[in-house]
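As you go down the protein sequences, you meet chains X and P in turn. Last residue of the first sequence: 343 in the numbering used here, with the numbers rising by one and none dropped. Last residue of the second sequence: 584 in the numbering used here, with the numbers rising by one and none dropped.
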Amino acid sequence: MHLHLTKFLLTKTLRLVLLVAAVASLSFVLVSRSPIDPVDAYVGAAIMKISPEQREMIRERWGLDQPPLARFARWAAQLARGDLGVSTIFNEPVTSVIAKRFITSLWLMALAWSFSGLLGFVLGLIAGAREDSPADRLIRLYAYTMAATPTFWVGMMLLMVFSVYLGWTPVCCAWPPGLSIEQATLGQRLHHLLLPALTLSLIGVAQITLHTRQKTVEAMHSDYAIFARAQGESTLGIVCRQVLRNVALPAVTLQFASLGELFGGAVLAEQVFSYPGLGRATVEAGIRGDVPLLLGIVLFSTVFVFTGNTVADLLYRLVDPRMGEGQGGTA
Amino acid sequence: MQTFRFVTVMSFPRKRESREIFGFRVALCFPGMTSGSPIRMIICMGLCVLLLAAGCGRQQQQSHPLPASLTLAVGGENPEGYDPTLGWGSYGNPLFHSTLLRRDADLNIVPDLATTWQLAADRLTWTVTIRPDVVFADGSPLTARDVAYTFNTAAVAGGVLDLANLEKAEALDDITVQLRLKQPDITFIHYLITLGIVPERLHGPGYGRRPVGSGPYKLVRWDEGQQMVVEANPYYYGVQPAIKRLIFLFSGEDAALAAARAGKVDVLSVPSSLATREIPGMKLHVVKSVDNRGLMFPCLPDTGAKTPHGLAVGNDVTADVAIRRAVNLTINRQALVNGVLEGFGRPAYGPVDDLPWDNPAIRFKDNDTEKAGILLTEAGWLDVDGDGVREKDGIKAEFPIVYNATDSLRQGLALAVSDMLRPVGIRAVPRGENWDRIKNELVHSTVVVFGFGGHSPLEMYKLFHSPGPEPSYWNGGFYTNGVVDGYLDQARAAASFADSIPLWQKAQWDGQTGFAVAGDAPWAWLVNLNHTYFINQCLDVGRSQMEPHGHGWPITANINEWQWTCE
């Protein structure tokens, strides 16, 4: 079992390294082909005061005076030492930009992630256990609608209704203006998180609901469920004793695998709610051509999503004894 | 066994959540205590801390019912930090820093840190003496060495300040600094006005995130992407600001407007399209600006010539000065102000309207289709085929007007101008493009809607002096007039700023020639915007300076004079 686990982790690590290398090269090619001139974006309105020589100086400061291949080599060498370089728009190390922003995003993502997971699972169970009942139809309608709705639109609708018309929730920021993060109470921070997190969860719920519902329906029609029913077990009893166990595993896997979507959704939600997290930094890095920061964020999200998927795989092994021992180390 | 594992799975997400949310909070308060401690203890401690914090926070809010601080949503976040040597403060004021000189409400040059400033007869050496009593916000003295350091550092920092003309800055003693230039250039005085002085001792990487200067305010905290809190600097040598604490919100425009409606913002910059609305508790404050918009004409004919980077140069229609003048005469500028700017602006006749170096003689009567028609007919532009568009030598009087597609104001101007030109037989086709395409393909061969306007005549020089081979936005129309070049060069080389003013004015129109409409008309200037702000009814913001291009932050130029008027 331990040997298997070690082998499993080694394989995973190797894959991660390969993945990071591939993602890094691909993203570098993509961003270096981008038509955005970072110097233009940086200079902005001061364009009339900047001579071509000064532009060269800015390019030199950022290392843009070198050909793309040399830049990539230098960047890769830095990366190997764990240094992601210096963000051009923030003029500070990429690692510290990401660290600062990710802490803010983490609150949002953690809340949305747990909320959508729990709610989605419960809704899926209810819908699946009472297939074709009005409750099932309602839940399905909701899930299909949400699955087809863009995050930013939901965000804007919620913002208009709850923040602008009703004034129940704040319109921006991660805590009240004028207070420091230490002064802001947990209540205030949650209050500011509420709408962005709700936006993210409402969308995230759809996938896990539909998935769980499908699995529940299958389980409800399985031989063991029919047998239990023949023995006089109630629907609730079947769900609790037979179905739950079989459905939980795929749901947990899906939930961990959904970290990628969560990350993507956070970018949009943060944009709509002026929530100063990693998502907004990503957008700024993109539109202003901050290559080191953009690459740093891409790599960071790669590792983040990969970790999520690995945790899902590990959970499978830990939870289902058939997987860890029966088969070999590769999953 | 199976049951046990199952339970683990079910409770896993919840446990994770607790650790992430509460654990993080604790990690913030007591770094290092989370590792190795039992999770339950951490959660308990976290909860205690949170409850305490919750109690404190609420109490604190209740004890300050009066507005102890002023909340502004006027932009001003500088993502790379507040380092003047990289260009912070070159628009508006550096707030945390003071400058050698400054411009007063009428844009006259007045002393700030400096007591005397003199340009030597060789026009290369500035000698500036500074006040002896000035200290930075940390209490350390500001000497001539700090000034010299600031200028020398800015010259090589590679930011948005172009100090390439600076040979060297040197401190002669504690209060005297000498700035030596490579070439005579009176517009260098602009850096004496805008470059905030940094302390040599504290400056270095990361300075922009914890700036220390000698300005009226000091940075207290900056939550990036969200807000900035500043407080009055007790060591400031000038008049102490009446408002001791300012909060700058950096949320988007929509969020700021919503916050203002909720009564959370005291100063809000809004585009003119929103200025006609009402916000309870706020009044409209309109500031005149030289933030202009105009059409740049390619002045060379299209001979197939290209710049070294391969951009097409020239346009056969706009190369004819009669077309350029006719466009200028036809446009009804007041109608543009009323229709496109909602009345918040004034007609623009030149690039520097109402600035000290503006030449009032360049004004002319516009909305004159009759005169434009005669001019075009005399120049040989006639509508022979009767399609409503004039022709000359087989070329139709037709050109595109290109504007940045994301800017609705420029779009509005382009559409309105196109409509105004139709009756005189000129067909202008508005077309939205992105800046990259404009800069990398179109700038030298099509008419482009540009916006400029700054507090230095250097901009005028760049716009109208004969261009280099690859000018980009510096005279992208390739306008050339030897007489104008002469005036511009003389103005730059003048012995004092006052001496340069008549020369700047002559470059516009000297009675014979110039870049005004009566002369070569290489541009059709359209409008100067008014910058619109909503401010708290109880706030007096004094008399605002005429603002440069850039709406928002410049309003803070006189912020230490602002006062609450209600009790």
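Backbone N, C-alpha and C define an ideal beta-carbon position, used for all residues, glycine too.
Residue i at chain P interface by Cβ criterion, 7 Å
{"i": "X:Lys-24", "result": "no"}
{"i": "X:Ser-44", "result": "no"}
{"i": "X:Ala-57", "result": "yes"}
{"i": "X:Lys-227", "result": "no"}
{"i": "X:Cys-185", "result": "yes"}
{"i": "X:Pro-105", "result": "no"}
{"i": "X:Met-11", "result": "With chain X running from 13 to 343 in the structure shown, residue 11 of chain X is simply not present."}
{"i": "X:Ile-138", "result": "no"}
{"i": "X:Met-168", "result": "no"}
{"i": "X:Val-51", "result": "no"}
{"i": "X:Glu-65", "result": "yes"}
{"i": "X:Phe-102", "result": "yes"}
{"i": "X:Arg-292", "result": "yes"}
{"i": "X:Arg-83", "result": "no"}
{"i": "X:Val-176", "result": "yes"}
First through last residue of the alpha helix (DSSP H) which encompasses residue i
{"i": "P:Asn-355", "result": "350 to 357"}
{"i": "X:Tyr-54", "result": "50 to 55"}
{"i": "X:Trp-74", "result": "64 to 74"}
{"i": "P:Gly-503", "result": "499 to 509"}
{"i": "X:Ala-218", "result": "198 to 232"}
{"i": "P:Leu-393", "result": "386 to 395"}
{"i": "P:Pro-519", "result": "514 to 525"}
Range of the contiguous beta strand (DSSP E) that encloses residue i
{"i": "P:Arg-439", "result": "First-last for P:Arg-439: undefined, no H or E at that position."}
{"i": "P:Met-6", "result": "Chain P is shown from 18 up to 584; residue 6 of chain P falls before or after that span and cannot be answered."}
{"i": "P:Ala-186", "result": "183 to 188"}
{"i": "P:Ala-445", "result": "444 to 450"}
{"i": "P:Pro-128", "result": "126 to 128"}
{"i": "X:Phe-312", "result": "Here X:Phe-312 belongs to no beta strand (DSSP E); instead the alpha helix (DSSP H) covers 303 to 331."}
{"i": "P:Lys-235", "result": "234 to 240"}
{"i": "X:Val-279", "result": "Note, X:Val-279: premise wrong, no beta strand (DSSP E); alpha helix (DSSP H) at 271 to 284."}
{"i": "P:Arg-218", "result": "Segment: none, P:Arg-218 is in no beta strand (DSSP E) and carries neither H nor E."}
Closer than 6 Å: residue i CB and nearest the ligand HEM heavy atom
{"i": "P:Met-563", "result": "Although the ligand HEM was asked about, the structure shown includes no ligands whatsoever."}
7 Å Cβ cutoff, residue i in contact with chain X
{"i": "P:Ile-552", "result": "no"}
{"i": "P:Gln-562", "result": "no"}
{"i": "P:Ala-44", "result": "A caution first: P:Ala-44 carries a pLDDT of 33, below 50, which makes its placement in the model unreliable, though a value can still be read off. Output row for P:Ala-44: interface = no."}
{"i": "P:Ala-275", "result": "yes"}
{"i": "P:Ser-96", "result": "In the sequence on display, residue 96 of chain P carries Pro and not Ser. Judged by the 7 Å Cβ criterion, P:Pro-96 is in contact with chain X."}
{"i": "P:Ser-54", "result": "The pLDDT assigned to P:Ser-54 is 41, lower than 50, so where the model puts this residue is not dependable; a value taken from the coordinates is nonetheless given after this. P:Ser-54 does not count as touching chain X."}
{"i": "P:Ala-431", "result": "no"}
{"i": "P:Gly-397", "result": "no"}
{"i": "P:Gln-243", "result": "yes"}
{"i": "P:Ile-206", "result": "no"}
{"i": "P:His-566", "result": "yes"}
Exposed unless 16 or more other CB atoms sit within 10 angstroms - verdict on residue i
{"i": "X:Pro-189", "result": "buried"}
{"i": "P:Thr-170", "result": "buried"}
{"i": "P:His-568", "result": "buried"}
{"i": "P:Arg-560", "result": "exposed"}
{"i": "X:Ile-299", "result": "exposed"}
{"i": "P:Pro-48", "result": "Below a pLDDT of 50, predicted positions are generally treated as unreliable, and P:Pro-48, at 34, falls in that range; no measurement from the model is reported."}
{"i": "X:Thr-18", "result": "exposed"}
{"i": "P:Asp-337", "result": "buried"}
{"i": "P:Ser-473", "result": "buried"}
{"i": "X:Val-166", "result": "buried"}
{"i": "X:Trp-350", "result": "The structure shown does not extend to residue 350 of chain X, since chain X spans only 13 to 343, so no value can be given for it."}
{"i": "X:Met-172", "result": "exposed"}
Counterpart residues of residue i in DSSP-defined beta bridges
{"i": "P:Thr-193", "result": "P:Thr-146"}
{"i": "P:Arg-15", "result": "Nothing about residue 15 of chain P can be read from this structure; chain P reaches only from 18 to 584."}
{"i": "P:Ser-286", "result": "P:Tyr-550"}
{"i": "P:Glu-97", "result": "For P:Glu-97, which the question treats as bridged, DSSP gives no partner whatsoever."}
{"i": "P:Arg-120", "result": "P:Ile-126"}
{"i": "P:Met-299", "result": "P:Asn-553"}
{"i": "X:Val-98", "result": "X:Pro-105"}
{"i": "P:Ile-264", "result": "P:Thr-88, P:Val-246"}
Contact the stretch 282 to 291 of chain P vs the stretch 533 to 549 of chain P: 3+ CB pairs below 8 Å = yes
query = Between the stretch 87 to 100 of chain P and the stretch 100 to 115 of chain X, are three or more C-beta pairs nearer than 8 Å?
reply = yes
ask   = Is there contact between the stretch 133 to 151 of chain P and the stretch 196 to 206 of chain P, where contact requires at least three CB pairs shorter than 8 Å?
value = yes
ask   = Should the stretch 144 to 151 of chain X be regarded as contacting the stretch 230 to 237 of chain X, the criterion being three or more beta carbon pairs within less than 8 Å?
value = no
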